[in-house]
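Residue numbers for the sequence shown follow the numbering used here, beginning at 55 and rising by one. Glycine included, every Cβ here is placed at the ideal spot set by N, Cα and C.
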Amino acid sequence: MNSSISAISILRFLIILLIMFIFLAPFLWIFLASFRPNMELVRNQTLIPQNLTIENYVSLFTKSSYWQWVINSTIVSFYTVVLSLPMIVAGAYSVYRTQYRGRNVLSLFLLSVYIFPTALLVVPIFKIFSGLALVDSHLGCALMNTAFAVPFGIWLLQAFLKSLPPELEEAAAVDGIGRIRTLFQIIIPQAAPGIIAIAMFAFIVSWTEYLFAMTLLLSNDLHTLPIGLTGIVFGQYRVNWGFAAAGAVGSALPVFILFLIVGRWFIRGISAGAIK
């Protein structure tokens, strides 16, 4: 019996290990490729590098506009978080913690924004933003990111809000505390892990967004990191894959550092709704 259990445990471990390798192998290849000369990448497609070099990172940090792209992405992401977070918190509280007619319909309508392919919205969005003088502006790009982050953010935060005991609001109502004070003094402090998770979600949405950033940010000095790195890959007749891999690592590094700082809050916020 014990040997049978041990065999099943070993098999389960091996399957998990295989799945992890399948998912992580591309990231490992990109990381190792960023330390390989371009000619070795062209001629030798093995995972293990034969020669290691930091020339790709030296070129990325000193010969490209990497730091300007990082600053631009940080500005747009910061605007997106600041704009979207109040709307997400207020919207989630309104839809999932209060009772009124049409609440369920509104809840379903929130995610309808994702029904349409984003490519269909490029021309209308450009015309609208051009009329509002928001083209070639970090604020305009952040507003576009906010429009896509808010609906899913509200849906994501609702699971955490539903996990909070209703007795908190009932006690506040007995004490004569209004809805707004209840939201700021009771709900927001209790939902802090979920709000941090939503803030990180909005940041990542903005940090990785390419289509509308490419459409709205026309000036080279306003380009965000995804646009700049795309120029590295497709802006030459001969692609330097080691340089492109270093750019991919450089793009993921700020998000990785942010996750190390607030990762436990992010995981707690995402998983809290599943446990009541």
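Check                                                                                                                                                                                               : Outcome
Whose C-alpha, out of 251, 192, 198 and 238, is nearest the C-alpha of residue 214?                                                                                                                 : 251
Tell me the rounded alpha-carbon separation between residue 297 and residue 245.                                                                                                                    : 42 Å
From the DSSP output, in three-state form, read off residue 189 for me.                                                                                                                             : coil
Starting from the C-beta of residue 212, find all residues in its chain whose C-beta is less than 6 Å away, skip the five residues before and the five after it, and write them out in chain order. : 146 and 150
Considering only their Cβ atoms, is the gap separating residue 135 from residue 253 smaller than 9 Å?                                                                                               : yes
Which term fits residue 19, buried or exposed, when burial requires 16 or more other beta carbons within 10 angstroms of its beta carbon?                                                           : Nothing can be reported for residue 19, as the shown portion of the chain is limited to 55 through 330.
Look at the alpha carbon of residue 231 and the alpha carbon of residue 280, and state the distance between them as a whole number of angstroms.                                                    : 46 Å
Would you please state the rounded distance, in angstroms, between the beta carbons of residue 295 and residue 87? I believe it to be under 8 Å.                                                    : 7 Å
Within 8 Å, do at least three Cβ pairs link the segment 262-270 to the segment 70-82?                                                                                                               : no
Name the residue from 261, 271, 104 and 307 whose alpha carbon lies nearest to the alpha carbon of residue 128.                                                                                     : 261
What three-state label does DSSP hand residue 229 in the structure shown?                                                                                                                           : coil
I need the straight-line Cα distance from residue 180 to residue 272, nearest angstrom please.                                                                                                      : 11 Å
Are residue 201 and residue 131 close, meaning C-beta to C-beta below 9 Å?                                                                                                                          : no
Kindly indicate which three-state DSSP category residue 103 falls into: helix, strand or coil?                                                                                                      : coil
Hey, how far is the Cα of residue 189 from the Cα of residue 183?                                                                                                                                   : 6 Å
Please work out which residues of its chain come closer than 7 Å, Cβ to Cβ, to residue 114, disregarding the five sequence neighbours upstream and downstream, and give them in chain order.        : 120, 297, 300, 301 and 304
For residue 165, I'd like the list of residues in its chain whose CB is within less than 8 Å of its CB, leaving aside the five on either flank, ordered along the chain.                            : 205, 206 and 209
Give me the Cα-Cα distance between residue 163 and residue 157, rounded to the nearest whole angstrom.                                                                                              : 10 Å
Under a Cβ-count criterion, where at least 16 other Cβ atoms within 10 Å of its own Cβ denotes burial, should residue 236 be classed as buried or exposed?                                          : buried
Roughly how many angstroms separate the alpha carbons of residue 153 and residue 225, rounded to a whole number?                                                                                    : 17 Å
For residue 219, does the three-state DSSP call read helix, strand or coil?                                                                                                                         : coil
One question on the structure: do residue 314 and residue 257 come within less than 9 Å of each other, judged by their Cβ atoms?                                                                    : no
So for residue 330, helix, strand or coil by DSSP?                                                                                                                                                  : For residue 330, the predicted model reports a pLDDT of 47, less than 50, meaning its position is unreliable; a value from the coordinates is still stated below. In this structure, residue 330 counts as coil in the three-state DSSP scheme.
To the nearest angstrom, report how far apart residue 185 and residue 318 are at their CA atoms.                                                                                                    : 43 Å
Measure how close the beta-carbons of residue 276 and residue 126 come, nearest whole angstrom, since I'm counting them as under 8 Å.                                                               : 6 Å
The alpha helix (DSSP H) with residue 161 in it runs from where to where?                                                                                                                           : 157-164
Residue 249 and residue 203: beta carbons closer than 9 Å?                                                                                                                                          : no
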